[in-house]
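Residue 242 in the UniProt record's numbering sits at position 242 of the sequence shown, and the numbers go up by one each step. C-beta: ideal position from N, C-alpha, C; glycine also.
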Amino acid sequence: MITHHAIQTTGIQEMIQRAQALRKKFAQTSAEIDARGEDPTENLQQIWQAGLYRLSIPVEYGGLWDRKMNSNSEALVEIATHLCAGEGSTGMIFVTQIAGLRLLFHEHSALPKETQQQLAREALEEDIRFIGSHADTGTGSSVISRKVDGGIIINGTKTFNTGSGRAHYAHVMHTLEGEQGLYAGLVRLDAPGVTLHHDWDNMGQRATVSQTITYKDVFVPDGWHMPITGFTPLFLTLMFLMYASITLGNGEGGYDAILDYVRTSKRSITPGWEDPKTDPIIRLRIGEFSSRLAAAHALQREVSRQLEQMEEGADFTPLLIGSMRVQATCIDAAVKTTSELFELTGARSTSNTYRLDRFWRNARTFSLHDPIMAKLTTIGDYDLTGEFTMPVPPQSKGPAYPSPKNLEKEA
Numbered sequence: 001m002i003t004h005h006a007i008q009t010t011g012i013q014e015m016i017q018r019a020q021a022l023r024k025k026f027a028q029t030s031a032e033i034d035a036r037g038e039d040p041t042e043n044l045q046q047i048w049q050a051g052l053y054r055l056s057i058p059v060e061y062g063g064l065w066d067r068k069m070n071s072n073s074e075a076l077v078e079i080a081t082h083l084c085a086g087e088g089s090t091g092m093i094f095v096t097q098i099a100g101l102r103l104l105f106h107e108h109s110a111l112p113k114e115t116q117q118q119l120a121r122e123a124l125e126e127d128i129r130f131i132g133s134h135a136d137t138g139t140g141s142s143v144i145s146r147k148v149d150g151g152i153i154i155n156g157t158k159t160f161n162t163g164s165g166r167a168h169y170a171h172v173m174h175t176l177e178g179e180q181g182l183y184a185g186l187v188r189l190d191a192p193g194v195t196l197h198h199d200w201d202n203m204g205q206r207a208t209v210s211q212t213i214t215y216k217d218v219f220v221p222d223g224w225h226m227p228i229t230g231f232t233p234l235f236l237t238l239m240f241l242m243y244a245s246i247t248l249g250n251g252e253g254g255y256d257a258i259l260d261y262v263r264t265s266k267r268s269i270t271p272g273w274e275d276p277k278t279d280p281i282i283r284l285r286i287g288e289f290s291s292r293l294a295a296a297h298a299l300q301r302e303v304s305r306q307l308e309q310m311e312e313g314a315d316f317t318p319l320l321i322g323s324m325r326v327q328a329t330c331i332d333a334a335v336k337t338t339s340e341l342f343e344l345t346g347a348r349s350t351s352n353t354y355r356l357d358r359f360w361r362n363a364r365t366f367s368l369h370d371p372i373m374a375k376l377t378t379i380g381d382y383d384l385t386g387e388f389t390m391p392v393p394p395q396s397k398g399p400a401y402p403s404p405k406n407l408e409k410e411a
């Protein structure tokens, strides 16, 4: 008898295969998308058509997810790596969409069933996209809301709104006057009071359109705002692994480009070798790049598998530490590979015709997303003392990431 689990497993494997095919397709227009620096709409439509968002939409709404934060995590991380290898900004927007869907539909979501049903239908049938409007960095203040009849009013500014070039809803994190904890409001980006600043002009991940958004007296009706209950240790671990996919994917994309360039090039490094494909130095360096990236990918897969198999009630601290190791390893592999690839391709390859520097620009830009040195300190302290800590400066309100114990209490 064919079980539901067997059907679901077959569906997930098919999703990974579709992502592998999209990786090759996206690579063909990656340089052009980087040059334009605009929303990669066509790529994202193909992701939607491939059904990849179903991995974070509940089964009862037509998806392939059982609402547990760690379910499908191994496949999601692998898919994100493939998509980012094809085109970095596209893959990062996919990660943002997956994070949004998980926060909306997880098993403890406070969002009303009717709202969930509508959003699931829109995501599956209309290619509706979500962004995480969470960062207050550089604004000098936090986004706040107040209760009014029939809903809340949101005011404030958020930065780094990845995917907002063509997205439809923002998952706006804020504090609610008179209440403890964090809240989220679902805001249409075309709603009155929403201002898109069109100020994204960074060196890498250019097509993410991670612009600033200001919310001025934006009304969010009841049923479309809720306390945040999804920032669990499992969600945080999944996001660390997905973030690693963004850097690793750009590293693998750069490696793919190296192979394509060398195969068609006539430039050798070692004197006496006319064919670069037989040049011993080129072959040596390619072997180094391959091994470095493969090791990072293997660690990522192993920790993703551990996350998938995590049982409720188990100590997740080693897993969270493992996801930090994955981030550090993937950043190191991707940034080194994408910066050193020009040693093999030569001066001609620096032409903007090829835009081979996009892989380094993308990897380096996203590697600065959160402080990896602080995570390395946490890893070192854990290995030395067995304790999970984050560096806390004097007069600080707390560490960049709460301890697993505090996360468990908040969940």
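Do residue i and residue j have their CB atoms nearer than 8 Å?
{"i": "residue 85", "j": "residue 23", "result": "yes"}
{"i": "residue 165", "j": "residue 39", "result": "yes"}
{"i": "residue 44", "j": "residue 72", "result": "no"}
{"i": "residue 341", "j": "residue 254", "result": "yes"}
{"i": "residue 144", "j": "residue 169", "result": "no"}
{"i": "residue 207", "j": "residue 359", "result": "no"}
{"i": "residue 269", "j": "residue 279", "result": "yes"}
{"i": "residue 338", "j": "residue 251", "result": "yes"}
{"i": "residue 365", "j": "residue 155", "result": "no"}
Take residue i and list the residues in its own chain whose beta-carbon comes closer than 6 Å to its own, dropping the five residues that flank it on each side.
{"i": "residue 357", "result": "none"}
{"i": "residue 249", "result": "81, 84, 85, 91"}
{"i": "residue 299", "result": "326, 329"}
{"i": "residue 12", "result": "75"}
{"i": "residue 212", "result": "159, 197, 199"}
Using the C-alpha atoms, what's the distance from residue j back to residue i?
{"i": "residue 36", "j": "residue 361", "result": "15 Å"}
{"i": "residue 386", "j": "residue 320", "result": "13 Å"}
{"i": "residue 234", "j": "residue 282", "result": "42 Å"}
{"i": "residue 413", "j": "residue 378", "result": "Residue 413 is absent from the model: the chain starts at 1 and stops at 411."}
{"i": "residue 3", "j": "residue 57", "result": "Low confidence applies to residue 3: its pLDDT is 41, below 50, so where it sits in the model is not reliable, and the reading given next is rough at best. Their Cα atoms are separated by approximately 20 Å."}
{"i": "residue 105", "j": "residue 273", "result": "58 Å"}
{"i": "residue 140", "j": "residue 187", "result": "22 Å"}
{"i": "residue 131", "j": "residue 119", "result": "13 Å"}
{"i": "residue 210", "j": "residue 161", "result": "4 Å"}
{"i": "residue 410", "j": "residue 185", "result": "Annotation note: pLDDT 47 at residue 410 (below 50); position unreliable, coordinate value reported separately. Cα to Cα, residue 410 sits roughly 19 Å from residue 185."}
{"i": "residue 112", "j": "residue 224", "result": "8 Å"}
By Cβ distance below 8 Å, which residues in the same chain neighbour residue i in space, the five residues on each side in sequence not counted?
{"i": "residue 242", "result": "76, 77, 80, 95, 98, 99"}
{"i": "residue 53", "result": "47, 63, 97, 98, 101, 123, 124"}
{"i": "residue 74", "result": "301, 304, 305, 307, 308"}
{"i": "residue 384", "result": "none"}
{"i": "residue 110", "result": "226, 227, 229"}
{"i": "residue 310", "result": "70, 234, 316, 319"}
{"i": "residue 348", "result": "267"}
Where DSSP assigns a beta bridge to residue i, which residues make up the other side?
{"i": "residue 153", "result": "146, 219"}
{"i": "residue 185", "result": "172, 225"}
{"i": "residue 211", "result": "161"}
{"i": "residue 65", "result": "58"}
{"i": "residue 196", "result": "213"}
Starting from the C-beta of residue i, find all residues in its chain whose C-beta is less than 7 Å away, skip the five residues before and the five after it, and write them out in chain order.
{"i": "residue 331", "result": "247, 367, 372"}
{"i": "residue 263", "result": "277"}
{"i": "residue 67", "result": "58, 105, 106, 107"}
{"i": "residue 354", "result": "31"}
Could you give the uninterrupted runs of the beta strand (DSSP E) lying entirely in the stretch 271 to 317, keeping only those of 3 residues or more? List check, beta strand (DSSP E) in window: nothing returned.
Please give the ranges of any alpha helix (DSSP H) in the stretch 75 to 151, keeping only runs that are unbroken, at least 4 residues long and fully inside the region. Counting whole runs of 4 or more residues, the stretch 75 to 151 contains the alpha helix (DSSP H) stretches 88 to 105, 113 to 125.
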